[in-house]
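Okay, so here's the structure we're looking at.
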Amino acid sequence: MTTPRHSDFAAAPSARLFHTSTRTQMSTNIDPTTGLRTRLLATSSIEMAWQSGELLLRGRVTRTKLVDRGDMRPMPRWRRGEQ
148 MTTPRHSDFA AAPSARLFHT STRTQMSTNI DPTTGLRTRL LATSSIEMAW
198 QSGELLLRGR VTRTKLVDRG DMRPMPRWRR GEQ
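Each residue of the sequence shown is one higher than the one before, counting from 148 in my numbering.
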């Protein structure tokens with residue numbers, strides 16, 4: 148078992164970066180009782196490098212919640228399952 152070590156790629160001149168990727172995802176949720184829309188924007192990135200025979204990984208995630216309050220209106224009764 149190895150002990151995790153924090154390493155900065157910029158501070159490690161012998162680290163060889165071989166992969167970097169970024170993913171962005173957006174989802175929309177609607178509250179069935181209020182009709183309030185909430186959007187979640189998530190961005191994640193990962194970098195992989197070799198240093199002295201060890202694989203170094205660095206990842207970051209950011210999440211932003213966007214609530215649409217301008218269009219707030221109740222959902223129709225038939226969409227809520229009410230008669």
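C-beta: ideal position from N, C-alpha, C; glycine also. Since we're looking at a predicted model, the values are computed, not measured.
Just reading off the beta strand (DSSP E) that T185 is part of, what are its end residues?
-> Numbered from its first residue, the sequence shown carries residue 185 at position 38. T185 -> beta strand (DSSP E) spans 184-198.
Sort H166, R210, R163 by Cα distance to S174 and report the nearest one.
-> Within the sequence shown, the letter at position 27 stands for residue 174. Of the candidates H166, R210, R163, R210 places its Cα closest to the Cα of S174.
Could you name the residues of the same chain whose beta carbon sits closer than 7 Å to that of A196, not counting the 5 residues immediately before and after it, in chain order?
-> Indexing the sequence shown from 1 puts residue 196 at position 49. Excluding five sequence positions before and after A196, the CB atoms of its chain that fall closer than 7 Å to its own CB belong to F156, A162, R163, L164, F165, L203, given in chain order.
For the beta strand (DSSP E) that T181 lies in, which residues bound it at each end?
-> Against the sequence shown, residue 181 aligns to sequence position 34. Unbroken run through T181: none, as it is neither H nor E.
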